[in-house]
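A.B. asks: Protein chains in written order, with the numbering used here: chain G, 1 to 557; chain V, 558 to 928; chain R, 929 to 1361.
(1) Of all the residues that make up the stretch 662 to 696 of chain V, which are near chain G by a beta-carbon distance shorter than 9 Å?
(2) Under 8 Å Cβ-Cβ, which residues of chain G neighbour residue 834 of chain V?
(3) Restricting to runs no shorter than 4 residues, where is the alpha helix (DSSP H) found entirely within the stretch 689 to 761 of chain V?
(4) If I measure Cβ to Cβ from residue 1285 of chain R and keep anything under 7 Å in the same chain, skipping five residues before and after, which residues do I get?
(5) Residues of chain G with CB under 8 Å from residue 1379 of chain R, in chain order?
(6) With DSSP collapsed to three states, give me the class of residue 513 of chain G.
(7) Look up residue 643 of chain V in the DSSP assignment and say whether it is helix, strand or coil.
(8) Ignoring anything shorter than 3 residues or poking outside the stretch 1231 to 1270 of chain R, list the beta strand (DSSP E) runs there in chain order.
(9) Taking 7 Å as the limit between beta carbons, can you name the residues of its chain near residue 968 of chain R, skipping five residues before and five after?
(10) Checking the sheet assignment: what are the DSSP bridge partners for residue 1340 of chain R?
(11) Start and end of the beta strand (DSSP E) containing residue 343 of chain G?
(12) Against chain V, with Cβ distances strictly below 8 Å, would residue 1241 of chain R count as a contact?
(13) Along the stretch 393 to 415 of chain G, where does the CB come closer than 7 Å to a CB of chain R? Name the residues.
(14) Could you pull the start and end residues of the beta strand (DSSP E) that residue 212 of chain G belongs to?
(15) Are there 16 or more other CB atoms within 10 angstroms of the CB of residue 703 of chain V, so buried, or fewer, so exposed?
(16) Below 7 Å CB to CB, which residues in the same chain sit around residue 83 of chain G once its five sequence neighbours on both sides are set aside?
(17) Quick one: does residue 263 of chain G have its CB under 8 Å from some CB of chain R?
(18) Across the stretch 908 to 923 of chain V and the stretch 644 to 663 of chain V, are there enough close Cβ pairs to call them in contact, namely three or more that are closer than 8 Å?
(19) Out of V:887, V:647, V:629 and V:640, which one is the CA nearest neighbour of residue 898 of chain V?
(20) Grab me the residues of residue 1192 of chain R's own chain with a C-beta within less than 8 Å of its C-beta, minus the 5 sequence neighbours each way, in chain order.
(21) Leaving out five residues before and five after residue 953 of chain R in sequence, what residues of the same chain have Cβ atoms less than 6 Å from its Cβ?
(22) How about residue 698 of chain V and residue 690 of chain V: are their beta carbons less than 8 Å apart?
(23) Are the beta-carbon atoms belonging to residue 830 of chain V and residue 461 of chain G less than 8 Å from one another?
(24) Report the neighbours of residue 1055 of chain R on chain G: residues whose CB is nearer than 7 Å to its CB, in chain order.
(25) When you compare the CB of residue 1253 of chain R with every CB in chain G, is at least one pair closer than 8 Å?
(26) Rank G:125, G:121 and G:158 by C-alpha distance to the C-alpha of residue 139 of chain G and give the top, closest one.
(27) Between which residues of its own chain and residue 1253 of chain R is the CB-CB distance below 6 Å, once the five residues before and five after are set aside?
(28) Taking C-beta to C-beta, are residue 271 of chain G and residue 224 of chain G nearer than 8 Å?
(29) I'd like the list of long-range same chain contacts for residue 1052 of chain R, defined as Cβ closer than 6 Å, with 5 residues on each side in sequence excluded.
(30) Are there three or more Cβ pairs, one per stretch, closer than 8 Å when the stretch 166 to 182 of chain G is compared with the stretch 273 to 290 of chain G?
(31) Our contact map puts residue 132 of chain G next to residue 197 of chain G with C-beta atoms below 8 Å; I'd like the distance itself, whole angstroms only.
(32) What number of angstroms, rounded off, separates the C-alpha of residue 1270 of chain R from the C-alpha of residue 1227 of chain R?
(33) Do the CB positions of residue 558 of chain G and residue 373 of chain G come within less than 8 Å of each other?
(34) Starting from residue 904 of chain R, find everything on chain G with Cβ-Cβ shorter than 8 Å and list it in chain order.
(35) Tell me, to the nearest whole angstrom, how far the beta carbon of residue 751 of chain V is from that of residue 570 of chain V; I am working on the premise that it is less than 8 Å.
(36) In chain order, what residues of the same chain lie with their CB nearer than 7 Å to the CB of residue 64 of chain G, ignoring the 5 residues before and after it?
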């Protein structure tokens, strides 16, 4: 099945992508070389500024400012994009020192022949500085917010790091709220995100490996991992897959997800994403690789196993029992969200013997006079609910509430009163809907929501047998999935007892000695042994006696 | 090599456990009680234990021919043409048994759950599922099975535990009143089911540590002994031997007697889920063995193209092999065991004997050459 | 080929749709049967009368608007069919029902006396083979016609079937009967040396029939009391003040569990009355709770009530020179529930006296039961099975003659009784003027 999809995908891919048209890395380079040959030898400032103009066009946000050095010997120009730069830095650290008429020390020797070096060493004071070998390289930087300093007669170009733009503040993540735990979520600015991670992991081996993807968007992608923890082969594989991305645009990490996941035709998300900095840091510490993408707060976590979707970072901050109970609850809820309507239909129209007699009687009573068979009723109600939910998400908040009241309460009530649907079905559908939202990961819950419908239809055809048939197909599919070499159903399959316990039970931190075995990390141990600080002998008792003595003293006085 | 995946010894053991347990549990109590009466549980124990003989033979064979499947070493041992013939007959055996499994499956569902639905629906859908599993390959079957084994074992234990209130230990006494004869007669069918461990001979080379295959097989057999004996004991303690023997699917009726405070009751769906999931794995294993065998006999590099056509054969067989459920039960009780022994005991023994003799002869020749 | 494969699911899915939906019956198209009464009229060509008690969900659930149409009527409707076999009669009953007969929720099967005499085999075969009938169905014997029971009006519960089930559940607390699920009956039927039994359900006569002179005595009492008769009536008729008003018009009958039907093989042999049932329960070790009254050894004429809390029974087969006998050891336990005399019974000597009195009472009950069982030739305790287990050879030697042998068999009964507690009082309250 999977292979069939893959084959199809390959074919489609070939059709969409006639050779040479888009995979134009080589051609572009050739063109660039021609351009370079045409302009570079002269290296005169005017020519090069023409070249800039030709490249960037007459965009209003492109600023080109020509000026001469203080002693008048060298003509220079700064090129930057308005809105992406900190103008103060440009003024104070680039333009003013060069224009200054009082050049002292070595700077006073500035002339055309030593311009590059003198400017670089003595005249400018920006924190970040690169020397770009040619205009193409420099402009790439300029387009992401740096400032280029072009020097008359010099091929090399100085580029100053001046990136600064209006971005969203670090904020509480909207999709993954938590009662306990840090409130910081990633933002759209990748640099802020790296800082959030670096602030959590101060280790020297934390690596941010930058890659670029998207020929037109030129999006920054960073692989984040701890060098002496991560599994080399997993890292290599991530690198290979990210490097192989060949597209012109990456606007969200979802693009990357689709390009690099193992089974693109699967219903199930094979890469977890998160907005929470602490969750990403935890994943890195477990030995996973986090992929940060510029312009989106969603970071990808690979490899991913299915059971990560029932885990929330809060489980690890609350007491272990709470985490355990919540996970069991989520596991239950997962099943409810997937199967409840299907099982209801199967039971009500095929296996009535399964219901306890009083329940059977009340369901039978409520179904008197309902015109549809249970399957039809369920499909109708589920469909209606999905519409309501979709409408609720898209509408403005104020209107959304009105719609949900009209849709959910009034229409639902009217439908029951009119005898079109039975109250039992409304209960089933709403319980399912609520369960869907109790799953922490939205992408997993949406997959389950979609799979509910085929199961429902199978239940309507063959009863419980149909449901099991559908579930077995799903199980087979899930068992066949892998995410970067890790089985998707791990640690339930291939897992050790320790791993399985950790997935479902969330042991206390002082007992979590090892990292997940299936990630095959280079440093499998988190701590040396089970260590839990016990109270010092007699410590508590002494404190209590001291306090008691104090009290008695107070009484005497 | 048609198969590229590898499974761990634990997964192999679990696969074997489900293979020898899942289909057996439903029919076993009735057929053994028919022959052995009160001592059915002894029959089950003895019969299932006998599976250690084929296990020993195939692991010995496999250690003599490391990295080769049953079908491949057939040729190594018997020569090209006779080897291929024997290997083909093994393929036939796997196909045939698979068809029987599918038929049992359909009959049970049609009898107990959806009486109006035609048999073909169940048979075809199971074959479809097994075909899909085979297409995905051994690794996927093993992984799915790790999930299913939890389901099967836990639901069986739940059912047995809940039935304890109705147990009457008097149904087991006196033990062996009629001597050992009935016990051995009753052990025929359990021996047939545990002989299906022969499938291990096919998957043994795909273990990450093939040397441990014998342990996984032994663990699987022990697990089977425990589960089947528990099941038979539970059913018999509730119904008594005579009534058990008269039933078609005792476990199903057994579950329908469970009623604890009107709350813990109506567990039939659990039985169906267990049965469907377990038999699905078993059918997949046999399907896989047949497909892989056929590919290896004909030297194909890939078994997947064969899957669909084999499925059509299995589905057709499963419908046409038996006219009704009586024939099926008759076959299983009277013919099946001996047919099974031929493949689980007879042919492997022959292979082992020839292999040993060849080994001896080759050793002598070498000695001569050296001398 | 690749594209074809992609299309395969789309081709297969309609196929599934084509194949499906045979077994589907919507829940509101079911006639949910809660009890079946099976009667047998010997000598007729179509002897079986099957009566189904079908529940009307709308009347029971009373779920808001849905129940609007069902108010007032009884929640159960009876449908009857007559046929040469049970299945045929059932099918005939179905001719009268607008919905599909659904037996999965059936809980009680009432067997008319003649049905039970004709043989259980027909009933059990029908129950086991039917995919809908559950083996947890409770089997009851009704002296006379079984369907008459179902025609009774309900009293406390929502339907007559719930009344019966309630009675059976309650009987486990009072040890007046021993309910038997179908599979237990089957287990006994298929065990050598073991006969099945079932509780007897019958229409007991109303108070005025139990005490024929009740009305006259009541009138006399009222006349004697004069003006304050109203109060006296309420105090005296503690059994049910509200009932007596309507009773005068038409003497009602009451549904009661009364005794045990004992089978010989699969045929009804006879009945054990309430006392004998209790004796049988002592023998079977199934006594849960009951009140046993013994006369006070200290104060003749006064009674002492013992609340039985449990018992353990051990039966040992003894074979001496080919003669088979059994030794039964019954250990009874109970609490002192109430006493009539004013003597303090809570001393070790008096309690031991009570113990032996209780043991004697139990032994008497047990002997009565045993005598009745031997008279009927039904081994419902399973002496034969115990012999088979303990001494297989001896049992095998008797072979098929067990029922006859059982009539003559000697059983030694030894009872030990223990009164453990005396309730909330340690001695009776002295009444001081």
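Glycine included, C-beta positions come from ideal geometry on N, C-alpha and C.
C.D. replies: If we stick to the structure as given:
(1) Those would be 666, 670, 671, 674, 678, 679, 682, 683, 685, 686, 689, 690, 692, 693, 694 and 696, in chain order.
(2) Neighbours of residue 834 of chain V in chain G, taken as residues at a C-beta separation under 8 Å, are given in chain order as 468 and 472.
(3) Residue ranges of uninterrupted alpha helix (DSSP H) with 4 or more members, entirely inside the stretch 689 to 761 of chain V and ordered along the chain, are 695 to 719, 738 to 751 and 757 to 760.
(4) So the list reads 1222 and 1225, once near-sequence residues are dropped.
(5) With chain R covering only 929 through 1361, there is no way to say anything about residue 1379 of chain R.
(6) Collapsing the DSSP output to three states places residue 513 of chain G in coil.
(7) The answer is helix: DSSP assigns residue 643 of chain V an H, G or I state.
(8) Here the runs fully enclosed are 1231 to 1248 and 1251 to 1267.
(9) Excluding residues up to 5 positions away in sequence, 975, 976, 1040, 1042, 1043 and 1046 lie with their Cβ nearer than 7 Å to the Cβ of residue 968 of chain R in the same chain.
(10) Paired residue(s): R:1255.
(11) Taken as a continuous stretch (DSSP letters only), residue 343 of chain G belongs to no beta strand (DSSP E), being part of the alpha helix (DSSP H) at 320 to 349.
(12) Residue-level contact by beta carbon fails for residue 1241 of chain R and chain V, as no gap is shorter than 8 Å.
(13) If the cut-off is 7 Å between Cβ atoms, the stretch 393 to 415 of chain G has nothing near chain R.
(14) Residue 212 of chain G -> beta strand (DSSP E) spans 206 to 213.
(15) With 16 or more other Cβ atoms from the protein chains shown falling within 10 Å of its own Cβ, residue 703 of chain V counts as buried.
(16) Setting aside the 5 residues that flank it on each side, residue 83 of chain G is surrounded in the same chain by 61 and 165, each with a C-beta closer than 7 Å to its C-beta; the list follows chain order.
(17) Chain R places no beta carbon closer than 8 Å to that of residue 263 of chain G, leaving this residue out of the contacts.
(18) Verdict: no, contact absent.
(19) Nearest in C-alpha terms to residue 898 of chain V, of all of V:887, V:647, V:629 and V:640, is V:647.
(20) Sequence-distant Cβ neighbours of residue 1192 of chain R in its own chain, meaning closer than 8 Å and more than five residues away, are 1123, 1304, 1305, 1306 and 1331.
(21) If we look at residue 953 of chain R and ignore the five residues flanking it on each side, its Cβ neighbours are 1028.
(22) Less than 8 Å divides the Cβ of residue 698 of chain V from the Cβ of residue 690 of chain V.
(23) In this structure, the beta-carbon distance from residue 830 of chain V to residue 461 of chain G does not fall below 8 Å.
(24) Within chain G, no residue has its beta carbon less than 7 Å from that of residue 1055 of chain R; the closest one is some 14 Å off.
(25) So, not an interface residue.
(26) For the residues G:125, G:121 and G:158, the minimum Cα distance to residue 139 of chain G belongs to G:158.
(27) The beta carbon of residue 1253 of chain R sits closer than 6 Å to the beta carbons of 1246 and 1338 from its chain, once the five residues preceding and following it are set aside; these are given in chain order.
(28) Against a cut-off of 8 Å, the Cβ pair of residue 224 of chain G and residue 271 of chain G comes out as no contact.
(29) Its chain contains 1114 as the residues whose beta carbon lies nearer than 6 Å to that of residue 1052 of chain R, once the 5 sequence neighbours on both sides are disregarded; these appear in chain order.
(30) Proximity of the stretch 166 to 182 of chain G to the stretch 273 to 290 of chain G meets the contact definition, three or more beta-carbon pairs being nearer than 8 Å.
(31) Incorrect: roughly 28 Å between the Cβ atoms, too far for contact.
(32) When rounded, the distance between both Cα atoms is 9 Å.
(33) Lying before the first or after the last residue shown, residue 558 of chain G is absent from chain G, which here runs from 1 to 557.
(34) What the structure shows of chain R is the stretch from 929 to 1361, and residue 904 of chain R is not part of that stretch, so it cannot be assessed.
(35) Wrong, their Cβ atoms sit about 14 Å apart, outside the cutoff.
(36) Answer for residue 64 of chain G: 49, 52, 77 and 79, listed in chain order.
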